[in-house]
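Using our numbering, the first residue of the sequence shown is number -6, and each one after it goes up by one.
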Amino acid sequence: MTNLESSAYTQPSSAEARGQHTLQEILTQPVAWQAALDVVKTHQPALRQLWDEGRFSDVIVTGCGSTHYLSQAVAPLIQQQLGKRARYVPASELVLFPETILPPDGSSLLLTISRSGRTTETIRAASNYQTQQHGKVLNIGCYDGMELVVHSDLALIVAEGQEQSVVQTRSFSAMLTAAQAAVASLTDEQHLQVMSSLPAVGEQLIATYHELARELGGGGRFDRFYFLGSGLQYGLASEVNLKMKEMSLSVSEAFHFMEFRHGPMSMVNERTLVVGLVSEQAKNYELAVLREMRALGGQTLALSDQPVSEQEADYQVNFQTGLPESSRGVLYLPILQLLGYYRAISKGLDPDQPHNLTAVIVLEPENA
Ligand code: F1P
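Next comes the structure, spelled out in structure tokens:
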């Protein structure tokens, strides 16, 4: 029997109280981004020492649920920016099938990501890696002193990412900021410096587009949602898709942009919202997909740094930062978290109490 940790709060007393923790955590997340930047700056010497002395052959990034999707965003960033092969895997795969993941003669760095630091699969993966492969482990999380931190050679802990809610919002973007800042600190000090503008940009973004998220999520116009992302954005598309599912129990899926044409677009109709997390590098290819989905009757929402044409997007969120794509991934998150939040509220659900879910999955020994 799996021992599921129960969420530590009571049923809201009235409808308007529904989802208050989740909403506050979404709206305050830029504060946690600043804290993440400060944590990385504090640990920069230790991070540099671990990286230089480790002489790693590759990097394996792992987590569960939201933090697995975070791994999907971090691994390509590491490979692109640090020039080391990097791959992401769910922690359970590393526990159950290590020989399919660990390079036979490699000396990998294992990067574990976990909000709680108490998820059994992730702890097991880290513990096994240290005792069996005698490898190095870097951890990113939100709660210090947890078992996963004990099984790490270095831990970047962003306490301001801690949450009451089960679904990860502020914690996820805080850990993403820490990961992107850690990579920037190992490649280009200038990239780390320019990230200092992210909290203010995030506050402005939320203020500017909050109403759009409420309109698209709450209007009842859509009954299926598709989140498209490629390159550094695929993991983020997977995560915001999970938010839509966890909070609103909606039909939703995430795909790489170009994959959507190869079958899944058969689902597009007049009650479909196709959300594009547009990159810089492949923007033209990605916007072509959105144009085609509009032609099939779907509505499209494009999130990008610079504005796109009205032929490509019915709605758009523009960051207008000019920041490198490797440093501003968090900006895609708040409005799409709000989209799922308002969809849940419009369906009479309570995002603070997601159906079937708990904040941490702690498995009994016989199941782990
Ligand atoms: C992992 C996780 C979450 C999920 C849910 C259950 O937690 O699967 O991603 O949203 O809360 O736990 P953690 O290892 O990141 O604490």
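Ideal placement from N, C-alpha and C gives every residue a C-beta, glycine not left out.
(request) Check P406 in the structure and name its three-state DSSP category. (result) Here the chain covers residues -6 to 361 and nothing more, so residue 406 does not appear.
(message) Taking the alpha carbon of T314 as the reference point, which residue from P300, D307, E305 has its own alpha carbon closest?
(response) For the purposes of this step, residue 314 is taken as residue 321 along the sequence shown, with counting starting at 1. Considering only alpha carbons, the answer is P300.
(message) Here's the rule: buried if 16 or more other CB atoms are within 10 angstroms of the residue's CB, otherwise exposed. What is Y335?
(response) Your numbering for residue 335 matches position 342 in the sequence shown. Burial call: buried.
(request) Buried or exposed for E239, please, with buried defined as at least 16 other CB atoms from any protein chain shown within 10 angstroms of its CB. (result) One-based indexing of the sequence shown puts residue 239 at position 246. The residue in question, E239, is buried, as its Cβ has 16 or more Cβ neighbours within 10 Å.
(message) Quick check on E303: buried or exposed, where buried means 16 or more other Cβ atoms within 10 Å of its Cβ?
(response) As a position in the sequence shown, residue 303 is number 310, starting the count at 1. Classification for E303: exposed.
(request) Compare the Cα-Cα distances from F165 to each of V159, R108, A352 and report the closest residue. (result) Taking the sequence shown and counting its residues from 1, one reaches residue 165 at position 172. F165 has its Cα closest to that of R108, out of V159, R108, A352.
(request) Go ahead and pull the three-state DSSP assignment for G315. (result) Residue numbering aside, residue 315 sits at position 322 when the sequence shown is read from its first letter. DSSP places G315 in coil when its eight states are reduced to three.
(message) Can you tell me whether L350 sits near the ligand F1P, meaning its C-beta is under 7 Å from at least one heavy atom of the ligand?
(response) By 1-based counting over the sequence shown, the position of residue 350 is 357. Correct: L350 has its Cβ closer than 7 Å to the ligand F1P.
(request) State the Cα-Cα distance for the pair R264 and E156, rounded to the nearest angstrom. (result) Counting from 1 along the sequence shown, the entry for residue 264 is found at position 271. Counting from 1 along the sequence shown, the entry for residue 156 is found at position 163. Cα to Cα, the separation comes out at about 33 Å.
(request) Measure from the alpha carbon of L70 to the alpha carbon of each residue in A288, L169, L294, T351, then state which is nearest. (result) In the sequence shown, counting from the first residue as 1, residue 70 sits at position 77. Checking every option, the nearest Cα to that of L70 belongs to L169.
(request) From the DSSP output, in three-state form, read off P300 for me. (result) In the sequence shown, counting from the first residue as 1, residue 300 sits at position 307. Note: P300 maps to coil in three-state DSSP.
(message) Starting from L89, trace the alpha helix (DSSP H) in both directions and tell me its first and last residue.
(response) Taking the sequence shown and counting its residues from 1, one reaches residue 89 at position 96. Residues 84 to 89.
(request) For S223, count neighbouring C-beta atoms within 10 Å of its own C-beta (all shown protein chains included) and say buried if the count is 16 or more, exposed if not. (result) Here residue 223 refers to the residue found at position 230 of the sequence shown. Buried, since its Cβ has 16 or more Cβ neighbours within 10 Å.
(message) So, at 7 Å on beta carbons, what are the nonlocal neighbours of L75 in its own chain, with the 5 sequence-adjacent residues on each side left out?
(response) Here residue 75 corresponds to residue number 82 of the sequence shown, with the count starting at 1. Result list for L75: V176, L179, T180, in chain order.
(request) Can you tell me which of L342, A281, H14 puts its alpha carbon nearest to the alpha carbon of S241? (result) Counting from 1 along the sequence shown, the entry for residue 241 is found at position 248. Here the closest residue by C-alpha is L342.
(request) Can you give me the start and stop residues for the alpha helix (DSSP H) that R284 sits inside? (result) As a first step, residue 284 is located in the sequence shown; it is residue number 291 there, counting from the start. 276 to 288 is the span of the alpha helix (DSSP H), which, as asked, contains R284.
(message) Measuring straight from C-alpha to C-alpha, what distance separates Y278 and E305?
(response) Within the sequence shown, residue 278 is the residue found at index 285, counting from 1. Within the sequence shown, residue 305 is the residue found at index 312, counting from 1. If you take the alpha carbons of Y278 and E305, they lie about 11 Å apart.
(message) Helix, strand or coil, according to DSSP, for V292 in the structure here?
(response) Your numbering for residue 292 matches position 299 in the sequence shown. Note that residue 292 is Gln in the sequence shown here, rather than Val. Reduced to three states, the DSSP call for Q292 is strand.
(request) Taking I150 as part of the beta strand (DSSP E), name the residues at either end of that continuous run. (result) Taking the sequence shown and counting its residues from 1, the one referred to as residue 150 is at position 157. Following the DSSP letters along the chain, one finds I150 inside the beta strand (DSSP E) bounded by residues 147 to 150.
(message) Please state the DSSP three-state secondary structure of K340.
(response) Looking up residue 340 in the sequence shown gives position 347. DSSP places K340 in coil when its eight states are reduced to three.
(request) Please say whether G228 and L63 have beta carbons closer to each other than 8 Å? (result) Counted from its first residue, the sequence shown places residue 63 at position 70. Counted from its first residue, the sequence shown places residue 228 at position 235. In this structure, G228 lies closer than 8 Å to L63 by Cβ.
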